[in-house]
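Asks:
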Amino acid sequence: MQVPDLGFPVEVVEGMPVVAAPDDIDITNADGLRTALLEAASLGHGTFVVDMSRTQFCDTAGLHALVAAHNRARAGGGQLLLVTRGAAVDRILSITGLDRVIPNFPSLEEALAQTPNDPAPG
Amino acid sequence: VTAQLEPVPIEERLRAIQSITDAALSRLDDGELLAELLERTRDALQADTAAVLLLDFSSGQLIATAAAGLEEEVKQGVRIPVGRGFAGRIAAERRPVILDHVDHTTVLNPILWAKGIQSMMGVPMVASGRVIGVLHVGSLTPRRFTGDDIELLQMAADRAAAAVQSMTAQADRLAAIALQRSLVPTALPAVPGAELAARYVPGSGGVGGDWYDVFTLPTGELCVAVGDVAGSGLPAAVIMGRMRSALRAYALETPDPAEVLDRLDRKMQHFEPDAMATVLYAVIDPGLDRMRICLAGHFPPVIACPGRPTALAKVETGMIIGVADPVRRPVTTVPIQPGTLLCFYTDGLIERPGELIDDGLARLCDAMTAQSPEVACAAVMQALVGSGPARDDIALLMVRCQADHPANGG
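Okay, structure coming up:
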């Protein structure tokens, strides 16, 4: 089966899967993002980073993808880590209470520094 | 002995293609089109049976939906798991499969070999890039299906897939509208001293999972719930309906708003593990002078109090519904002055692309004054929605606690 190019590649940085989120996350691309996040959750330790430093807008569909990824990571004993820089994204994470359960960092370096970065097993 | 049929003359071949692509078919309604298409496909391919199985996405099973010469498959409600058997393999591998030998080792459905089908050919039905079903034909005499046969069958499958997609979309849309209509309160409860008004407007993408609810408890308390289920269309509307009635049930059981949302969250995570929703639940005292409110990732209400600037209620936020590791949500008690207008809403009212949420909230506060809820609803909808199409659902509920009600000492 042909896998469409969803534009959200999972990169591995210092042994940690990292997904770069787009500028705007909404109903048109949230499914693609979710697919990438769930793939990232299945790699390595089950802990992974969503880099939202470019993201200026994230609607309910986008949050839904983040919550699905967080739940998957927790079920696997891992953790979803966020990198955010936009005020709008921080605001929505705070209104929804997600900032209390999903660790949030101002830069990718800081997120990676918080986690064990030994190479993923297998 | 497996035999290929006599080569079909080109004219006959073209006629067969035309019978399947015939424009007149599109004048039939989608259900009739599927039946007619199966008849024509069977005739065009000189086959004995033809059947359509549609994929049920929730169970991952193919369900026999229409058939010609194989009606028992539909009548008996045959279900084939994706990945198993003949049809299951076509759906899983998303490519045509030909069987020259039909028995229990190649075909899961006993109806097919019991009927004496010798050879089969099936193709996937694909719509919007997704496999939505399988179309197959069978022959009661041994036969070798050719590449031309597959091409013709695929043509019919494409036609059938388009019909099914339009049929499903239409049915889902109507069902979602009917469901939404049945769940939004038609009449708001009459509560001495309280005036209520509400609006519900579906988004341009169709009905979604927004709802508002307002009801009284045996204690005389007035309860308000507003919620927004992530997603759209029928699936979101169905989850919305379940959440709405579960919340009502828990509201009767426990006086603590946080406990109501906690139970709702546990219920959702167990029975609808992929669902996510924001919910506001508020319990207003019978005297209408105080509100206990708990948020699950939802926006706080806007409060317009006579003689004071309209503002967002200062309510602590609580975790959205559907997140692993639930955290106990705080309950905030908000005093209500006589004549106060409370505004509850979903994000469709205040969110605009390319705009900060706080700008939308500020516009809402600007548009709202402590007046009759009906007038305030109209003013807010005029100021925030205007005549432009709203992309998202909008639910809006206003409650005024009247100044002249004796319970308020007025």
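Top line first, the protein sequences correspond to chains H and Y. Per my numbering, residue 152 is the first one in the first sequence, and the count goes up by one each step. Per my numbering, residue -4 is the first one in the second sequence, and the count goes up by one each step. Where a beta carbon is used, it is the ideal one built from N, C-alpha and C, also for glycine. Only a predicted model underlies this, so the values are computations on that prediction, with no experimental measurement involved.
1) Ends of the alpha helix (DSSP H) at A63(Y)?
2) Can you find a C-beta in chain Y that's less than 8 angstroms from the C-beta of L231(H)?
3) Nearest chain H C-beta to D153(Y) closer than 8 angstroms, yes or no?
4) Quick one: grab the DSSP three-state call for N255(H).
5) Do L392(Y) and Y207(Y) have their C-beta atoms closer together than 8 angstroms?
6) If you drop the 5 nearest sequence neighbours on each side, which residues of the same chain put their C-beta closer than 6 angstroms to that of T44(Y)?
7) Counting Cβ pairs closer than 8 angstroms, one from the segment 225 to 244 of chain H and one from the segment 339 to 357 of chain Y, do we hit at least three?
8) Counting only runs of 3+ residues fully inside the segment 59 to 144 of chain Y, write out the beta strand (DSSP E) ranges in chain order.
9) Report the neighbours of F208(H) on chain Y: residues whose CB is nearer than 8 angstroms to its CB, in chain order.
10) Looking only at its chain, what residues have a beta carbon closer than 7 angstroms to the beta carbon of E31(Y), apart from the 5 residues adjacent to it on each side?
11) At 4 residues or longer, what runs of the alpha helix (DSSP H) sit wholly inside the segment 360 to 394 of chain Y?
12) Since D257(Y) is in the alpha helix (DSSP H), which residue starts that stretch and which ends it?
13) From the DSSP output, in three-state form, read off D38(Y) for me.
14) DSSP three-state label for S45(Y), please.
15) On the DSSP letters alone, give me the boundaries of the alpha helix (DSSP H) that L189(H) sits inside.
16) Note down the Cα distance separating A264(H) from E88(Y), rounded to an integer number of angstroms.
17) Evaluate contact between the segment 220 to 231 of chain Y and the segment 166 to 177 of chain Y, counting only Cβ atoms and requiring at least three cross-stretch pairs below 8 angstroms.
18) For V322(Y), which residues in chain H fall below 8 angstroms Cβ to Cβ?
19) With DSSP collapsed to three states, give me the class of G405(Y).
20) Go to G203(Y), then tell me how far its beta strand (DSSP E) extends in each direction, as first and last residue.
21) Comparing C-alpha positions only, which one of V394(Y), R261(Y) and L256(Y) sits nearest to V297(Y)?
22) For Y245(Y), is the classification buried or exposed, using 16 other Cβ atoms within 10 angstroms of its Cβ as the cut-off for buried?
23) Output yes or no for whether 8 angstroms exceeds the beta carbon distance between C418(Y) and Q264(Y).
24) Could you spell out where the beta strand (DSSP E) holding P168(H) opens and where it closes?
25) Pull up the distance between the alpha-carbon of T249(Y) and that of L212(Y), whole angstroms please.
26) Spell out a yes or no on whether the segment 369 to 380 of chain Y and the segment 196 to 207 of chain H are touching, meaning 3 or more CB-CB pairs, one atom from each, closer than 8 angstroms.
27) Can at least three beta-carbon pairs, one atom from the segment 203 to 221 of chain H and one from the segment 267 to 286 of chain Y, be found at a separation below 8 angstroms?
28) Can you list, in chain order, the residues of its chain with a C-beta nearer than 7 angstroms to that of P272(H)? Leave out the 5 residues immediately preceding and following it.
29) Using only the alpha-carbon positions, how far apart do C396(Y) and R285(Y) sit?
30) At a CB distance below 8 angstroms, what residues from the segment 214 to 240 of chain H approach chain Y? Give them in sequence order.
31) When you compare only the Cα positions, how much space is there between V202(Y) and L174(Y)?
32) Which of the three DSSP states, helix, strand or coil, is assigned to S161(Y)?
33) Give the DSSP-derived three-state secondary structure of D51(Y) in the structure shown.
34) If we count the other Cβ atoms within 10 Å of its Cβ and call it buried at 16 or more, is D320(Y) buried or exposed?
35) Nearest CA to the CA of A357(Y): which residue from M116(Y), T305(Y) and R261(Y)?
36) Step through the CB atoms of chain Y and report whether any lies within less than 8 angstroms of the CB of I176(H).
Replies: Well, looking at it:
1) Sequence index remark: in the second sequence, residue 63(Y) carries index 68 (1-based). No alpha helix (DSSP H) contains A63(Y), which is instead part of the beta strand (DSSP E) from Q56 to A63.
2) As a position in the first sequence, residue 231(H) is number 80, starting the count at 1. No - not a single Cβ of chain Y is within 8 angstroms of the one on L231(H).
3) Walking along the second sequence from the start, residue 153(Y) turns up at place 158. By this cut-off, D153(Y) is not an interface position.
4) Along the first sequence, read from residue 1 onward, the residue named residue 255(H) stands at position 104. Of the three classes helix, strand and coil, the one that applies to N255(H) here is strand, per DSSP.
5) As a working mapping, residue 392(Y) is identified with position 397 in the second sequence. As a working mapping, residue 207(Y) is identified with position 212 in the second sequence. Closer than 8 angstroms, so yes.
6) Position 49 of the second sequence, counted from the first residue, corresponds to residue 44(Y). Excluding positions up to five away in sequence, the list reads G64, L65 and G133.
7) yes
8) 74 to 76, 92 to 94, 114 to 122 and 125 to 134
9) In the first sequence, the residue the question calls residue 208(H) occupies position 57. Ordered by position in chain Y, the residues that pass the 8 angstroms Cβ test against F208(H) are P348 and G349.
10) Here residue 31(Y) corresponds to residue number 36 of the second sequence, with the count starting at 1. Answer for E31(Y): L20 and L23, listed in chain order.
11) 368 to 379
12) Looking up residue 257(Y) in the second sequence gives position 262. Looking at the DSSP string, the run of the alpha helix (DSSP H) that includes D257(Y) is P252 to F266.
13) As a first step, residue 38(Y) is located in the second sequence; it is residue number 43 there, counting from the start. The answer is helix: DSSP assigns D38(Y) an H, G or I state.
14) As a working mapping, residue 45(Y) is identified with position 50 in the second sequence. Here the sequence assigns Ala to residue 45(Y), which means Ser is not the residue at that position. Three-state DSSP puts A45(Y) in a strand.
15) If you number the first sequence from 1, residue 189(H) lands on position 38. It spans A181 to A192 - the alpha helix (DSSP H) in which L189(H) sits, taken as one unbroken run.
16) Reading the first sequence from its first residue, position 113 is the one you call residue 264(H). Reading the second sequence from its first residue, position 93 is the one you call residue 88(Y). Spanning the two alpha carbons is a distance of roughly 42 angstroms.
17) yes
18) One-based indexing of the second sequence puts residue 322(Y) at position 327. Near V322(Y) (Cβ distances below 8 angstroms), the residues of chain H are G248, R251 and V252.
19) Numbered from 1 along the second sequence, position 410 holds the residue referred to as residue 405(Y). Low per-residue confidence applies at G405(Y): pLDDT is 41, beneath 50, and the placement is therefore not dependable enough to give any value.
20) For the purposes of this step, residue 203(Y) is taken as residue 208 along the second sequence, with counting starting at 1. Counting along the chain, the beta strand (DSSP E) containing G203(Y) begins and ends at G203 to T211.
21) In the second sequence, counting from the first residue as 1, residue 297(Y) sits at position 302. Of the listed residues, the one whose Cα sits closest to V297(Y) is V394(Y).
22) Start at 1 with the first residue of the second sequence, and residue 245(Y) comes out as number 250. Classification of Y245(Y): buried, given that the 10 Å Cβ count is 16 or more.
23) Here chain Y comprises residues numbered -4 to 405, so residue 418(Y) is not present and cannot be evaluated.
24) On the first sequence, position 17 is the one that residue 168(H) refers to. That run of the beta strand (DSSP E) goes M167 to A171.
25) Mapped onto the second sequence, residue 249(Y) falls at position 254. Mapped onto the second sequence, residue 212(Y) falls at position 217. Rounded to whole angstroms, T249(Y) to L212(Y) spans 11 angstroms at the Cα level.
26) no
27) yes
28) The residue labelled residue 272(H) in the question sits at position 121 within the first sequence. A caution first: P272(H) carries a pLDDT of 43, below 50, which makes its placement in the model too unreliable to give a value.
29) As a working mapping, residue 396(Y) is identified with position 401 in the second sequence. As a working mapping, residue 285(Y) is identified with position 290 in the second sequence. Between C396(Y) and R285(Y), the C-alpha separation is close to 10 angstroms.
30) L214, H215, V218, A219, H221, N222, R225, A226, A238 and A239
31) For this step, residue 202(Y) is matched to residue 207 along the second sequence. For this step, residue 174(Y) is matched to residue 179 along the second sequence. Rounded to the nearest angstrom, the two C-alpha atoms are 10 angstroms apart.
32) Mapped onto the second sequence, residue 161(Y) falls at position 166. In the structure shown, S161(Y) sits in a helix (DSSP, three-state: H, G or I).
33) Walking along the second sequence from the start, residue 51(Y) turns up at place 56. D51(Y): strand per DSSP, three-state reduction.
34) Along the second sequence, read from residue 1 onward, the residue named residue 320(Y) stands at position 325. Per the 10 Å Cβ criterion, exposed.
35) Translated into positions along the second sequence, residue 357(Y) becomes position 362. Closest by alpha carbon: T305(Y).
36) Counting from one through the first sequence, the residue named residue 176(H) turns up at place 25. By this cut-off, I176(H) is not an interface position.
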